[in-house]
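Since the structure comes first, as structure tokens, the remarks are kept for the end.
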Amino acid sequence: MQEILSPDSELLKELIVYKMPFGKYKDSLLTELPITYLEWFQRQGFPSGKLGMMLSTLYEIRLNGLEHLLKGLKKLHSKS
């Protein structure tokens, strides 16, 4: 039987508040990074570790037109 993977809700919660730690977009929220920057990482390779996982997750979210999920999380986060 195939295992069904569920999204890591903690990763998604962190994704909306995490800031880019280096480079041209240092201190920018990951969710505000331009798609061209994410596409560059996709071609060159995402960083290792948690940052790489968050950037690749964000890339997939954008690629599949699921930004509305992040907007909903941002609204929930701002209320708490």
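20 is the number of the first residue of the sequence shown in our numbering; add one for each residue after it.
Ideal Cβ placement from N, Cα and C applies to all residues, glycine included.
Three-state secondary structure assigned by DSSP to residue i
i	result
LEU85	coil
ILE23	In this predicted model, ILE23 has a pLDDT of only 47, less than 50, meaning its place in the structure is not dependable; the value taken from the coordinates is given anyway. If DSSP states are grouped into helix, strand and coil, ILE23 belongs with coil.
SER17	The requested residue 17 is not part of the displayed model; the chain covers only 20 to 99.
LYS90	helix
LYS69	helix
Euclidean distance between Cα positions of residue i and residue j
i	j	result
TYR44	LEU52	7 Å
LEU88	LEU49	14 Å
PHE41	GLY64	15 Å
PRO66	LYS98	32 Å
LYS93	GLU86	11 Å
TYR37	ARG62	22 Å
Beta bridge counterpart(s) of residue i as assigned by DSSP
i	result
LYS98	Note: LYS98 sits in no beta bridge, so no partner.
LEU48	LYS38
Endpoints, the alpha helix (DSSP H) within which residue i is located
i	result
ASN55	Here residue 55 is Thr; the residue named in the question, Asn, does not match the sequence. 54 to 63 is the span of the alpha helix (DSSP H), which, as asked, contains THR55.
Minimum Cβ-Cβ distance from residue i to chain C less than 9 Å
i	result
ILE54	Considering every chain present, this structure includes no chain C. It has just one protein chain.
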